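Line by line, the protein sequences are chains A and B. If you're matching positions, the first sequence starts at 155 in my numbering and goes up one per residue. If you're matching positions, the second sequence starts at 193 in my numbering and goes up one per residue. All C-beta atoms in this analysis are idealised placements derived from N, C-alpha and C, irrespective of residue type, glycine included. For clarity, every value in this text was computed on a predicted model and none was experimentally measured. Worksheet for the structure shown next.
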Amino acid sequence: MTTVARQKTPEPGPEATGSSNGRPAGRRARSRPPGEPRSVGWLYVLPALAVYGAFLLWPLVRGAQFSLYHWDGIGRATWAGLSNYTATWTDPTLRGAFGHLLVLIVFYAILPCCIAFVLVAVMSRTKIRGLTFFRTVLFMPQVIAMVAVAVAWQWVYSTHGPVNTVLGWLHDLGLPDWRHGWLGDFTFALPAIGLVGTWVEIGLALVLFLAGVQKIPRELYEAARIDGAGAVREFFTVTLPGLRRELSVALTLTTIMAVRNFDLIYMATSGGPGDSTKVPAYEVYNRTFNTGEVGLGCAIGVTLAVLAFAITAGIGRLVEGKGE
Amino acid sequence: MSRRYERILNHAVLALFAVVALFPMIGIVAQALKLPGSLSFDTFRVAWNEGHFAGYLRNSVIVTAVTVVLASVFSIMSGYALGVMRFRGAGAVFLLFLAGLTIPTEAVVVPLYFDLRSAGLDNTYAGLILPQVAMSVAFGTFWMRAYFRSVPPSLMEAARMDGASSWTTLWRVLVPIGRPAILTMVVLITMWTWNEFLLPLVIVNSDEGLRTAPLGLSFFQGAHKTDYSLLMAGALIIAAPIVIVYVFLQRRFIAGMLSGAIKE
């Protein structure tokens, strides 16, 4: 049975052509195994495809269309060509916002991966007791609503919050007074937001790398030791190459998180003080609903979609592709 | 280095980072309960009453439940078709869904707002639910297709021999044995929908009675700017349902979230 089915599939033949006009294939479909060409598949796909098309793909197309106009959301729209896209780098605030995104990518993606790598390198590959517990706790920031995370961190950074309390103690010990209103400070607000991202993402990277290290064959480490490799050489010749796939997944997920960073910014700083924590995800909302530049908001949105797609497609190729 | 020393170091590193991961949450609980010193649930009572959290949670439960049921049923069906059936355009349809995995809410929220408003769907449950079903079926289809491809063809063959139609085979044979994969998809869609903030913020712009839990927290924050114990109680109320589910089903959450980015 199965061999017959497998032989048939490479060349669809007359049955598949028949299915394009629907009726004859519909009658024949009932007697065919599920692996055979059959237009009934379309019926199964239809509900998902209809909702997906109407409420995700169509809005994306509409967004691209809106992005070609100047529109305040109420009056008449005027043709703008690509000027909304050029504005993403000529408008100093928007250029700044994309610059902030780069800074946040360092905090959200690169820093957590580096820290997690150091930890995995330091930790030997002995069996870890209570791994499930540690994994559960380390990964937990990922599942908490970002708005709740934002509220918690506003307290952490607040005038009398834990950070300033500790710095107050250090001040009492004779160190300079480093206390700040962190999220209201032009210099420190962006790194403070970034560290929230580091806190959220570090567990994800660590959980991924810990799982990956367990899969690296022990013989590779033994061979490296016999060759006289030190801890550093061992890391670069065995651990790092062995974790290439995990690194690619971690970088992709965390970078995307940095790009889709609306909730935290909206709740914690609203882009302030001044423009110091404005990011593209926030500007999509801000330009559309606060300053009445709907076309520009959509252009930023489309840019983010392209960016997210490029990151997903690019990082995997960059990190994993080299080995082939 | 001795084994014993290595083991202690490992656990010390993990314990340190576990504390760092938990620290703000411990702070939330301590602040909300006014620990240390006294144990008081007053903050929760005040937050609950003043913040209208009962209504917010009810809306979130409705939106999440309907989204999860619709998205799961649609994803199982489309994943089944794309996983085991062959029909014209199947490859193109799958690529279309795959592309949707990377579309951020930010890219579609503005056109959604204007088009749903023209259709009279802003400030309605439908306006909150349908776009989230659309976002979820991209992942759901991808996830369920992978499961259906892993099912041994002999199983479907046997069902067909017994005279089962493709529909019966799906719901009577494949879905029951696919519970682990389906459960993973369900918990992820539940979490994403429950935590979604930008879409409700834009779609529910005038009807206060439709605010979801995260949206409610943002308005609660607007009203109690620096009363941290009250805000923390609110944050705890809206985060707790998902965290509780997570504690019991952590394996599913982690496996699902880490595989979302892995493409073929």
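For residue 263 of chain B, same chain residues with a beta-carbon under 7 Å away, outside a window of 5 residues either side, are 325, 328, 329, 332 and 381 in chain order. Taking CB atoms only, residue 398 of chain A has no neighbour in chain B less than 7 Å away. Nearest CB-CB separation between residue 209 of chain A and chain B: below the 7 Å threshold. For the set B:418, B:351 and B:259, the Cα lying nearest the Cα of residue 310 of chain A is the one of B:418. Distances from the CA of residue 416 of chain B to each of B:210, B:207 and B:238 were compared; the closest alpha carbon is that of B:238. Pairing residue 337 of chain B with residue 274 of chain B gives a Cβ-Cβ distance under 7 Å. Listed along chain B, no residue sits closer than 9 Å to residue 340 of chain A by beta-carbon distance, the nearest being about 20 Å off. Pairing residue 411 of chain B with residue 426 of chain B gives a Cβ-Cβ distance that is not under 7 Å. Taking 7 Å as the cut-off between beta carbons, none of the residues of the segment 234-251 of chain B comes near chain A. Counting the other Cβ atoms within 10 Å of the Cβ of residue 444 of chain B gives 16 or more, which makes it buried. Nearest to residue 394 of chain A by C-alpha distance, out of A:371, A:271 and A:418, is A:271. In the DSSP annotation of this structure, residue 262 of chain A is not part of any alpha helix (DSSP H), being labelled neither H nor E. In the three-state DSSP reduction, residue 333 of chain B falls in the helix class (H, G or I). At a cut-off of 7 Å, the C-beta of residue 253 of chain A has no neighbouring C-beta in chain B.
For residue 296 of chain A, there is no enclosing alpha helix (DSSP H), since its DSSP letter is neither H nor E.
Judged by DSSP in its simplified three-state form, residue 250 of chain B adopts helix. In the three-state reduction of the DSSP assignment, residue 233 of chain A falls in the strand class, which pools E and B.
Sequence-distant partners of residue 428 of chain B (beyond 5 residues in either direction) whose C-beta falls short of 6 Å from its own C-beta, in its chain, are 220 and 224. Contact annotation: in the segment 287-300 of chain A, residues whose CB is within less than 9 Å of a CB in chain B are 287, 288, 289, 290, 291, 292, 293, 294, 295, 296, 297, 298, 299 and 300.
Neighbours of residue 367 of chain B in chain A, taken as residues at a C-beta separation under 8 Å, are lacking, since the least C-beta distance is about 13 Å. Between residue 366 of chain A and residue 397 of chain A, the C-beta gap is smaller than 7 Å, which places the two residues in contact.
For the pair residue 266 of chain B and residue 462 of chain A, the CB atoms are not nearer than the 7 Å cut-off.
Rounded to whole angstroms, the separation of the alpha carbons of residue 281 of chain A and residue 208 of chain B is 18 Å. By the Cβ criterion, the segment 296-309 of chain B is not in contact with the segment 240-256 of chain B, since fewer than three pairs of Cβ atoms, one from each stretch, lie closer than 8 Å. No residue range can be given for residue 344 of chain B, since it is assigned to no alpha helix (DSSP H) and is classified by DSSP as neither H nor E. Residue nearest to residue 237 of chain A within the set A:471, A:447, A:474 and A:466 is A:447 (criterion: CA-CA distance). Distance from the CA atom of residue 386 of chain A to the CA atom of residue 421 of chain A, rounded to whole angstroms, is 42 Å.
When secondary structure is reduced to three states using DSSP, residue 224 of chain A falls in the strand class.
Note: residue 398 of chain A is not bridge-paired with any residue in the DSSP secondary-structure output. Boundaries of the alpha helix (DSSP H) harbouring residue 310 of chain B: 297-310, taken from the DSSP string. DSSP places residue 453 of chain A in the helix class (H, G or I) of the three-state scheme. Comparing alpha carbon positions, the residue from B:282, B:318, B:421 and B:423 closest to residue 195 of chain A is B:282. Proximity of chain B to residue 442 of chain A at the Cβ level (cut-off 7 Å) is accounted for by 302, in chain order.
The DSSP-derived three-state label of residue 369 of chain A is helix. Taking 7 Å as the threshold, the shortest C-beta distance from residue 277 of chain A to chain B falls below it.
Annotation for residue 427 of chain A: no alpha helix (DSSP H) segment contains it, and DSSP assigns it neither H nor E.
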